[in-house]
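> 29 is the number of the first residue of the sequence shown in this note's numbering; add one for each residue after it. For each residue, glycine too, the CB sits at the ideal point set by N, CA and C. Since the structure is predicted, the reported quantities are computational estimates derived from the model, not experimental observations.
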Amino acid sequence: MKKKLMIMGVCIIVLLLFFAGNLFKRLSGRDTSDGSVILRDGDMITVNETFDLLKFLGIDTNGISEILGLPKEYSENKSKLKEVNTEDNIKYLKFGQCLSLLKLAASELGLETDAIIHNLSFDLKSGPTNKAVLTVEFLNLYECILAELPEGTSPISEKKLFILGNPNNPSLSEGGEDKNTMVTDQGNYSYLSGKNYEEFYEDGDLKIETADKTKSSQENSNKKRKEKSSGELFADNVFQLENYIDYSVTALVSGSNLVYIKEVLEEETLLSNVWIAQGKGDSVSVFLHNTYKDFSTKSPLSKEVTGCIGDLTMKDGKIVKISIKPDKIEGKVLVANKDFIEVQGYGKLPLHKNYKIYKIYDELSMELTNSILVGYEATDFIVAKGEIVAALITEPIKAQNIRVLLKTNKFSSIFHDEIVLSGTRDFTVTIGEKEVSYKAGSELTFKKDDEVLKNNRIFIQPKSENGKIQLLSLERSGGKPAYRGSIEISAREEGMVVVNELPLEEYLYAVLPSEMPTNYGLEALKVQAICARSYAYNQLLANSYGQYGAHVDDSISYQVYNNIPENDNTILAVKDTYGKVIEYGGSVITAYYFSTSSGHTASIEEVWGSEKSEYLVGKIQNKYDVKDGKVITASTVKENEPDFSTEETFRNFILDPKEATYDSEFPWYRWKTTISLSNLQKSIEKSLESRYKANPDLIQTLTDKDGGKEVFESIPVSTIGELKDIKVYKREKSGILSEILLLGSKATLKVSTEYNIRTLLAPLYDEIIRQDDSTTSGLTMLPSAFFVMDKDGQEITFYGGGYGHGVGMSQNGVKAMADAGISYEDILKHYYTGVGLGFIY
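1. Let's see if you can read the secondary structure: which residues bound the beta strand (DSSP E) around Phe123?
2. Can you check whether the CB of Val314 is closer than 8 Å to the CB of Trp303?
3. Say whether the stretch 766-774 touches the stretch 746-757, bearing in mind that this needs 3 or more beta-carbon pairs closer than 8 Å, one atom from each stretch.
4. Tell me whether Tyr573 sits in a helix, a strand or coil according to DSSP, three-state version.
5. Taking the C-alpha atoms as reference points, what is the distance between Gly338 and Leu220?
6. First and last residue of the alpha helix (DSSP H) that includes Gln587?
7. Going by DSSP, name the residue or residues bridged to Ile703.
8. Please classify Phe826 as buried or exposed, where buried requires at least 16 other C-beta atoms within 10 Å of its C-beta.
9. Express the C-alpha separation of Ala143 and Ala175 in angstroms, rounding to a whole number.
10. Do Leu865 and Glu611 have their beta-carbon atoms positioned less than 8 Å apart in this structure?
11. Within the same chain, show all residues whose beta-carbon is closer than 7 Å to that of Ser514, passing over the 5 residues directly before and after it, in chain order.
12. Which same chain residues, not among the five before or five after Gly749, have their C-beta less than 7 Å away from its C-beta?
13. Quick one: Cα of Thr803 to Cα of Met817, how far?
14. DSSP state of Glu853, grouped into three classes?
15. Here's the rule I'm using: 16 or more other beta-carbon atoms within 10 Å means buried, otherwise exposed. How should Val739 be labelled?
16. Cutting at 7 Å between CB atoms, please list the residues of its own chain near Asn591, excluding the five before and the five after it.
17. Can you name the start and end residues of the alpha helix (DSSP H) that Ala844 belongs to?
18. Determine the burial state of Pro156: buried for a count of at least 16 other Cβ atoms within 10 Å of its Cβ, exposed for fewer.
19. What separation, rounded to the nearest whole angstrom, lies between the Cα atoms of Asn437 and Leu502?
20. Less than 8 Å between the beta carbons of Ile95 and Leu129, yes or no?
21. For Lys290 and Ser218, what's the separation of their Cα atoms in angstroms?
22. Among the residues of its own chain, which have a CB less than 8 Å from the CB of Ser182, if the five just before and after it don't count?
23. May I have the straight-line CA-CA distance separating Thr242 from Ile236, to the nearest angstrom?
24. Under the rule that 16 or more other beta-carbon atoms within 10 Å means buried, what is Asn16, buried or exposed?
25. Since Val348 contacts Tyr383 with CB under 8 Å, what's their CB separation in whole angstroms?
26. Can you list, in chain order, the stretches of the alpha helix (DSSP H) that have 4 or more residues and sit fully within the stretch 498-543?
27. Which residue comes first and which comes last in the alpha helix (DSSP H) that contains Ala601?
28. Tell me the DSSP bridge mates of Cys336?
29. Per DSSP, Gln214 is paired with what?
30. Report all residues from its chain with a CB closer than 7 Å to the CB of Leu298; omit the five preceding and five following residues, and keep chain order.
31. Along the chain, where does the alpha helix (DSSP H) containing Thr78 start, and where does it finish?
32. From this set, Thr546, Val448, Ser631, Thr624, which residue's C-alpha is nearest Ile599's C-alpha?
33. Please tell me whether Lys356 and Asp408 are closer than 8 Å, where the distance is taken between their beta carbons.
34. Spatial neighbours of Leu500 within its chain, please: C-beta separation below 8 Å, excluding the five flanking residues on both sides.
35. Relative to the alpha-carbon of Met374, which residue among Lys381, Lys366, Gly836, Leu362 has its alpha-carbon at the smallest distance?
36. Could you have a look at Ser351 and say whether DSSP puts it in helix, strand or coil?
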């Protein structure tokens with residue numbers, strides 16, 4: 029009996045332990061059976077927290093997923109984790125996994141594993157590999173990895189942010205995209221993967237303590253915010269926006285993403301250069317980062333304020349001080365860069381560190397770029413203590429004037445050592461407040477070290493409408509160029525910068541002859557005028573040369589300008605199409621054009637790897653179709669476009685063209701050149717390093733073969749050794765080559781984009797024969813990337829078609845279409861699919 033009672037007692041104890049264990053698991057939500065993980069006292073970090081933190085370092089997410097035992101799909105779609113990490117199945121990071129992740133991170137980031145381990149506040153290597161990692165320990169590791177990264181290379185930075193809430197401007201909102209976005213005084217941040225690790229920090233430093241201690245600390249620090257929030261903290265220390273609205277925090281961010289919150293700051297916060305919509309009594313409505321926000325003031329305002337710029341001092345979610353900035357200036361913007369704006373009549377004014385731009389006409393908005401369009405007076409500037417604190421754009425830009433940066437001889441530089449100029453009519457020179465008149469033909473010389481240039485910009489202006497300023501120190505194909513409009517000269521450390529400002533329409537007078545032979549006829553010139561105007565309009569608004577006070581330069585980098593002087597035909601073509609541009613979907617298109625097609629144009633994504641465009645679509649350029657046994661004029665869009673991506677098909681098209689296209693009769697329609705491997709190697713070596721530096725992703729080195737698959741990586745390269753062979757790696761549907769392989773004794777490279785291919789295979793030392801048997805030599809690029817190759821021992825013969833990149837409009841094709849009686853409107857619609865014509869003014 030006694031023995032039976034003992035057995036029953038043991039059974040009861042076992043059952044009690046079993047039920048207690050299950051109860052503990054249900055209450056804690058911790059999976060003690062997951063790989064026999066050893067649980068610990070304190071907040072343990074989960075695998076999905078770990079994934080979210082590491083992905084911001086730029087580490088291979090598939091590698092992270094594999095180590096953490098997550099589905100591969102998780103790196104592509106975070107929602108998949110719901111299958112892995114639920115309340116009843118929380119998986120914690122283990123020490124063994126943590127060490128493997130560190131090795132992966134160190135390998136990909138070029139760091140030393142042992143150096144990071146040495147700086148840790150805990151021992152990562154010793155102890156069981158299945159022991160759970162505390163959150164505070166992983167944060168310690170995370171900080172040590174960031175500390176080891178070379179200065180300026182970290183993808184993560186620490187910022188002080190004042191959190192305003194979600195975006196709330198319906199006219200600027202993108203709908204659902206805003207639900208995981210928070211507005212701060214430093215811009216907008218996505219908090220989709222953001223965390224809250226406030227409990228683990230104190231005075232900016234990580235606390236290496238137990239969970240019991242840190243949790244009591246958190247209860248105190250979060251008390252105010254928890255009273256404001258109806259929810260509790262989620263699992264995985266997920267960031268909850270509502271707990272932090274109207275508070276200043278220290279946070280780690282990666283680009284426009286919140287990584288995690290470190291601390292809430294109890295100090296006063298200054299919101300600089302805010303647009304104050306209205307302030308009255310104890311309420312102030314402001315606009316910041318395209319979000320409206322209402323604040324209460326600690327004390328009632330002494331007077332009402334509306335529509336102005338000011339600083340707000342915040343504490344405990346309330347305004348304790350307002351400083352209005354009333355001083356305003358206006359004038360033409362001569363130069364705009366990241367450090368200063370030069371305003372005519374006021375000189376160079378530095379930008380405040382929190383300088384902001386507001387568009388105050390129509391719908392109020394805040395511009396997220398610090399670039400102000402040069403050459404216009406549509407902006408007021410708010411100035412305080414000698415700095416521009418805000419720019420107020422008061423009206424839409426009417427793009428009527430363009431500012432052109434004039435390059436030196438052979439378009440080799442933007443910096444001039446000497447400028448010699450004269451006027452075709454009487455002209456004036458203004459330096460500071462002093463204006464001096466000169467007779468036509470008077471010559472003036474300015475040198476980069478002239479004292480007069482040190483603190484002044486020189487303005488040269490003809491006195492009459494038909495007068496021009498001639499730059500005698502420049503040589504262009506048409507001789508010494510003379511310019512309409514005004515000339516401005518300013519000094520930089522590298523030399524003088526020369527800008528020509530003139531009406532956009534007059535600019536086109538001298539673009540047309542520089543880009544198209546003027547004997548192509550009026551209809552063709554009208555096509556070119558509309559394309560050039562559309563292109564110039566977009567480049568003007570892009571403001572790419574704002575730091576030099578210009579919109580474009582006069583070289584092939586934009587549109588060649590005044591290399592050949594204007595004439596009556598080009599002026600007439602511009603006037604007959606006054607203000608006309610090509611539009612698609614209500615916007616002015618970027619109207620790319622080139623010299624001669626191979627018989628098929630290319631789509632934009634085939635040439636530059638950019639996103640597809642509905643209007644820049646490659647198409648066959650057949651002059652005629654055969655329908656029902658009859659020859660008819662070719663339609664603009666083919667139902668069955670040919671596919672030239674295979675070598676045999678494209679080779680037949682290049683070597684034995686059977687159908688007439690609009691470009692067929694022009695010399696560059698077909699061409700060939702034979703180049704020795706040694707000359708090709710010299711061309712490659714000449715440009716390889718510079719092309720790699722221009723975009724490292726486009727020139728990659730073969731590093732491995734993984735299961736038969738070639739692995740290419742972007743590695744600095746300046747030589748391939750002895751050139752052994754060139755192979756086609758990818759040909760697009762239009763027939764253009766987008767990727768080739770260069771096989772050398774020291775490296776095998778994959779070269780991407782037609783520009784790199786044409787540059788590296790340039791016939792620098794060889795002759796090119798065009799289809800009319802005319803020849804040319806010394807080209808710095810192959811005529812096009814529409815070519816096939818025949819190899820014969822130590823030589824390669826290139827058989828190609830067309831001249832230029834192949835996107836958009838063929839200028840010689842335009843000539844043929846215009847000669848066939850096709851109108852300029854129909855020609856444009858042929859080359860740019862689905863477009864219409866509109867006006868910019």
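Based on what the coordinates show:
1. Phe123 -> not in any beta strand (DSSP E); alpha helix (DSSP H) instead, spanning 123-137.
2. Contact flag set, yes.
3. yes
4. coil
5. 32 Å
6. Note, Gln587: premise wrong, no alpha helix (DSSP H); not H, not E.
7. Ile824, per the DSSP bridge assignment.
8. buried
9. 11 Å
10. Yes, they are a contact pair.
11. Phe487, Ile488, Gln489, Glu529
12. Excluding sequence neighbours, Gly749 sits near Gly772, Ser773, Lys774, Ala775.
13. 19 Å
14. helix
15. exposed
16. Arg504, Ser505, Gly506, Ser542
17. 839-847
18. exposed
19. 6 Å
20. yes
21. 16 Å
22. Cβ contact annotation for Ser182 (same chain, cutoff 8 Å, sequence separation greater than five): Leu174, in chain order.
23. Since pLDDT at Thr242 reaches only 40, below the 50 mark, its modelled position is unreliable, and the value read off the structure follows with that caveat. The alpha-carbon atoms of Thr242 and Ile236 are separated by roughly 9 Å.
24. Here the chain comprises residues numbered 29 to 869, so residue 16 is not present and cannot be evaluated.
25. Contact doesn't hold; Cβ gap of about 24 Å is too wide.
26. Qualifying alpha helix (DSSP H) stretches, in chain order: 532-543.
27. Following the DSSP letters along the chain, one finds Ala601 inside the alpha helix (DSSP H) bounded by residues 596-604.
28. Ile304
29. Note: Gln214 sits in no beta bridge, so no partner.
30. Asp339, Thr341
31. Run containing Thr78: 75-83, per the alpha helix (DSSP H) assignment.
32. Thr546
33. yes
34. Val448, Leu449, Ser450, Glu471, Lys508
35. Sequence check: residue 374 is Tyr here, not Met. With distances taken between Cα atoms, Tyr374 lies closest to Leu362.
36. strand
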